[in-house]
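Some notes on the structure that comes next.
This is the structure:
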């Protein structure tokens, strides 16, 4: 059979994250769909916990994944893997939800789709469901994955003759991705996607978990309960197997640091629970408004998160910040003012003893922060960073650190960066223990706390 043409993709636009030796897309659905439908030829695979386990045993499948033009994150397992390495999965792009959204956009752009796979009749039933759900979607053809897949040359001829723009292949892992890797250069459709059990879901052969259970990351429990014999190996044995593989991505120092963070955070919550209650009561007694203050900060790798503090300022403090920037006591991009009029009377006490920072213990438990590390910056501050300061973002931000035990707000921005970079390059659990001990002395002394 004559080769159609080699893939001629430009580098994929969405941001990717290295997981299990693969470059996995870490982007929104909307942006990923736009990139995949915007021209070029691309072969797409989905990656979930089961795929990772299979790839560890099947070298050919692992190579098929590595050679794919886009690998999309599918499910809670990949989200867990992100968390283990201190990252965050932007969005779950699981094939069952993602592919119909992609086809809806494809229909708007006048693109057609060919469905290949499933038992006889399944692709046709899936096509009917898609056409009912997506007005204007053009189904260029269907072919089952049993008898219809026996003659590979005949299947390729049928797909190419349909002149489809998109090919969906539903043969399960690893067969679909191996088939696409082997035959992709012979196929005319510009977008080739392995979609697993999608056709069975669309055709009603397999029921999906209720939406509430899916939101709780429990769809695997539903599938295990629905097909216990077939899914026992994948989930009961496979899930712990995957967790162990995910942990191998994490260095021993990183694991030790995470254990340290959890132990210290748990101890602080238990020891200071009465102080939490007193602080909350004092805030509500002095001013109306919420007890806690949430603010978007930048964490490891530039990922943003919602940082939690006891509110120490008036309710409209953020709106009044711009008018005070020229009154900063501190050089550089980070604003700090000893006479900041937005701080309440209770707030000054909370700040003097760093009590306002205590709720960040919950950010630590969530894995967004560490006990020790550079202080988390505002997005506007990061945008103004000099190039060398960006290295601060290579580790999780901390509740305390070198800067905090050395004078806090009395330390200028450039010197703070020097301190943080020194920590980043020499961090260890032992150093964290020393800095935590020094923090108690700094809190009592109150130097630079305002």
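Residue numbers (full-length UniProt numbering): 1 to 450. Cβ atoms here follow ideal geometry from the backbone N, Cα and C, with glycine treated the same way.
> When we look at the beta-carbon of residue 366 and count the other beta-carbons within 10 Å, is it buried (16 or more) or exposed?
Replying inline: exposed
> Rounded C-beta distance between residue 401 and residue 420? I'm assuming under 8 Å.
Replying inline: 7 Å
> If we ignore side chains and look at the alpha-carbon of each, how far apart do residue 352 and residue 20 end up?
Replying inline: 45 Å
>> Which runs of the alpha helix (DSSP H) at least 4 residues long sit entirely within the segment 96–143? Give them in chain order.
In response: Counting only runs of 4 or more residues that sit fully inside the segment 96–143, the alpha helix (DSSP H) segments are 122–133, in chain order.
> Of the residues 383, 266, 425, which one's Cα is nearest the Cα of residue 361?
Replying inline: 266
> Is the distance from the Cβ of residue 168 to the Cβ of residue 159 below 8 Å?
Replying inline: Not closer than 8 Å, so no.
>> Are the CB atoms of residue 260 and residue 429 within a distance shorter than 8 Å?
In response: yes
> By the 10 Å Cβ neighbour count, where 16 or more other Cβ atoms means buried, how is residue 1 classified, buried or exposed?
Replying inline: Caution applies to residue 1, whose pLDDT of 46 falls short of 50 and renders its modelled position unreliable; the value that the coordinates give is listed next. Classification of residue 1: exposed, given that the 10 Å Cβ count is below 16.
> Is it right to say residue 46 is buried, meaning 16 or more other beta carbons lie within 10 angstroms of its own, or is it exposed?
Replying inline: buried
>> Suppose contacts are defined by Cβ-Cβ distances below 8 Å. Is residue 68 in contact with residue 44 by that definition?
In response: yes
> For the alpha helix (DSSP H) that contains residue 83, what are its first and last residues?
Replying inline: 76–84
>> When you measure from the CB of residue 42 to every non-hydrogen atom of the ligand SAM, does any distance come out below 7 Å?
In response: As far as ligands go, the structure on display features none, and thus does not contain the ligand SAM.
> Buried or exposed: where does residue 10 fall if 16 or more other Cβ atoms within 10 Å of its Cβ makes it buried?
Replying inline: Its pLDDT being 44, under 50, residue 10 is placed unreliably by the model, and the measurement read from it follows with that caveat. By the 10 Å Cβ count, residue 10 comes out exposed.
> For residue 404, does the three-state DSSP call read helix, strand or coil?
Replying inline: Coil.
> Taking Cβ to Cβ, would you say residue 199 is nearer than 8 Å to residue 123?
Replying inline: yes
> Which of helix, strand or coil does DSSP assign to residue 63?
Replying inline: helix
> Under the DSSP definition of a beta bridge, which residues are partnered with residue 370?
Replying inline: 398
> Based on the DSSP output, what are the partners of residue 169 in its beta bridges?
Replying inline: 116, 194
>> Quick check: the Cα distance between residue 317 and residue 375, rounded to an integer number of angstroms?
In response: 20 Å
> Which residues in the same chain as residue 16 place their Cβ atom closer than 7 Å to its Cβ, once the five residues preceding and following it in sequence are excluded?
Replying inline: 23, 24, 25, 26
>> For residue 391 and residue 427, what's the separation of their Cα atoms in angstroms?
In response: 13 Å
>> Counting beta carbon pairs with one atom in the segment 303–319 and one in the segment 338–348, are three or more of them shorter than 8 Å?
In response: yes
>> If distances are taken between C-alpha atoms only, which option among 50, 178, 273, 40 comes closest to residue 231?
In response: 50
>> Comparing C-alpha positions only, which one of 163, 277, 136, 81 sits nearest to residue 248?
In response: The option with the nearest alpha carbon to residue 248 is 81.
> How would you label residue 33, buried or exposed, when you count the other beta carbons within 10 angstroms and need 16 or more for buried?
Replying inline: buried
> What are the boundary residues of the alpha helix (DSSP H) that residue 346 is part of?
Replying inline: In the DSSP assignment, residue 346 falls within the alpha helix (DSSP H) that extends over 345–352.
> Pairing CB atoms from the segment 207–225 with CB atoms from the segment 176–191, are three or more of them under 8 Å?
Replying inline: no
> Can you give the Cα-Cα distance for residue 14 and residue 41, rounded to whole angstroms?
Replying inline: C-alpha of residue 14 to C-alpha of residue 41: approximately 15 Å in a straight line.
>> Rounding to the nearest angstrom, what Cα-Cα distance links residue 411 and residue 78 in this structure?
In response: Residue 411 and residue 78 have their C-alpha atoms roughly 40 Å apart.
> Once you ignore the five residues that flank residue 442 on each side, which residues in its own chain have a CB closer than 7 Å to its CB?
Replying inline: 404, 405
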